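In the numbering used here, the protein residues as written are 130 to 416. Backbone N, C-alpha and C define an ideal beta-carbon position, used for all residues, glycine too. Note that the structure is predicted; figures quoted are calculated from it, not measured. Working notes, beginning with the structure itself.
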Ligand SMILES: Nc1ncnc2c1ncn2[C@@H]1O[C@H](COP(=O)(O)OP(=O)(O)OP(=O)(O)O)[C@@H](O)[C@H]1O
Ligand SMILES: [Mg+2]
Ligand SMILES: [Zn+2]
């Protein structure tokens with residue numbers, strides 16, 4: 130039975146031939162189908178003068194059970210692949226600056242109870258779903274209004290939807306953008322201001338979150354203008370979020386930046402109360 134190559138552990142080119150010791154007819158309890166069961170065993174092997182024999186095993190199952198097992202295997206492999214793809218996508222969201230606290234946010238989990246919320250949701254969803262068109266048009270969305278109304282939520286949802294559609298995006302607060310641009314001044318290992326600007330201009334979608342009054346020197350204003358103007362000139366879409374009124378935003382970013390936004394922009398007012406307070410009131414009110 131054995132030759133020298135087998136004895137020293139060379140791989141067998143052929144699948145091992147099982148010996149069938151017994152055949153019985155079975156009926157599947159689940160499907161009621163008849164099938165043959167076989168008691169099989171590999172032939173004994175002689176290795177270094179000793180005989181080895183693996184235990185015999187029963188094989189064979191009903192055709193439907195076999196098909197179900199193959200299907201289950203396939204589904205498990207597909208689920209695992211999807212899980213890995215989702216994990217890679219979440220890592221991309223992280224590198225694109227989408228904050229952890231907003232990474233689970235979507236259009237589907239944005240509750241729109243008031244007409245204003247419904248309008249904001251519809252506009253943001255449209256922006257995301259037709260991102261290809263907005264990429265060509267260089268549209269801008271300004272989400273402006275009170276704290277806790279979901280500006281960040283919807284901006285992140287647009288950003289992540291565009292990325293799932295294969296687009297590049299970057300999400301940063303205005304403060305982070307200024308710090309990125311300025312890092313090269315003090316840190317020689319940081320990318321140059323020009324490289325940062327190029328990156329901010331080149332991504333398909335830029336979200337500048339939380340443009341507020343916390344900054345406002347002329348130099349900072351100029352830097353923000355260079356980003357907005359750079360994207361405007363490349364006709365690239367942008368989403369800005371702010372707590373400021375239109376007049377205050379214009380004061381802060383300057384007339385030139387502001388008129389750039391107005392030209393291809395849509396202003397969405399978030400003028401309902403803080404969602405957390407709303408929810409607390411609903412839940413408290415019900416009790
Ligand atoms: N309509 C809503 N449905 C579900 N969750 C909401 C809604 N509005 C806000 N939230 C949630 O409330 C929290 C605060 O919202 P978010 O951070 O988007 O507010 P914001 O408008 O950006 O506020 P700020 O101006 O303070 O930055 C988030 O966790 C967000 O997911
Ligand atoms: Mg916010
Ligand atoms: Zn069966």
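Status (buried if at least 16 other CB within 10 Å, exposed otherwise) for residue i
{"i": "residue 203", "result": "exposed"}
{"i": "residue 365", "result": "buried"}
{"i": "residue 280", "result": "buried"}
{"i": "residue 276", "result": "exposed"}
{"i": "residue 397", "result": "buried"}
{"i": "residue 287", "result": "buried"}
{"i": "residue 338", "result": "buried"}
{"i": "residue 161", "result": "exposed"}
{"i": "residue 332", "result": "buried"}
{"i": "residue 146", "result": "exposed"}
{"i": "residue 294", "result": "exposed"}
{"i": "residue 371", "result": "buried"}
{"i": "residue 149", "result": "exposed"}
Closest Cα partner of residue i within the set the options
{"i": "residue 377", "options": "301, 366, 273, 408", "result": "273"}
{"i": "residue 156", "options": "334, 190, 143", "result": "190"}
C-alpha gap between residue i and residue j, whole angstroms
{"i": "residue 285", "j": "residue 231", "result": "6 Å"}
{"i": "residue 213", "j": "residue 387", "result": "42 Å"}
{"i": "residue 179", "j": "residue 171", "result": "16 Å"}
{"i": "residue 417", "j": "residue 375", "result": "Here the chain has residues from 130 to 416 only, and residue 417 is not among them."}
{"i": "residue 417", "j": "residue 193", "result": "For residue 417 there is no data in the structure shown, the boundaries of the chain being 130 and 416."}
{"i": "residue 153", "j": "residue 188", "result": "11 Å"}
{"i": "residue 321", "j": "residue 390", "result": "26 Å"}
{"i": "residue 253", "j": "residue 297", "result": "17 Å"}
{"i": "residue 350", "j": "residue 303", "result": "11 Å"}
{"i": "residue 325", "j": "residue 318", "result": "13 Å"}
{"i": "residue 313", "j": "residue 255", "result": "37 Å"}
CB of residue i within 8 Å of CB of residue j, strictly
{"i": "residue 226", "j": "residue 401", "result": "no"}
{"i": "residue 340", "j": "residue 382", "result": "yes"}
{"i": "residue 309", "j": "residue 221", "result": "no"}
{"i": "residue 300", "j": "residue 336", "result": "yes"}
{"i": "residue 247", "j": "residue 241", "result": "yes"}
{"i": "residue 239", "j": "residue 283", "result": "yes"}
{"i": "residue 306", "j": "residue 356", "result": "yes"}
{"i": "residue 74", "j": "residue 260", "result": "It is not possible to answer for residue 74, since the shown part of the chain is limited to 130 through 416."}
{"i": "residue 425", "j": "residue 399", "result": "With the chain covering 130 to 416 only, the question about residue 425 has no answer from this structure."}
task: Closer than 7 Å is what we want: which residues have a beta carbon that near any heavy atom of ligand 3? List them in chain order.
output: 157, 159, 160, 162, 190, 191, 193, 194
- prompt: Around ligand 2, which residues pass a check of Cβ closer than 6 Å to any of its heavy atoms?
  reply: 280, 281, 338, 339, 370
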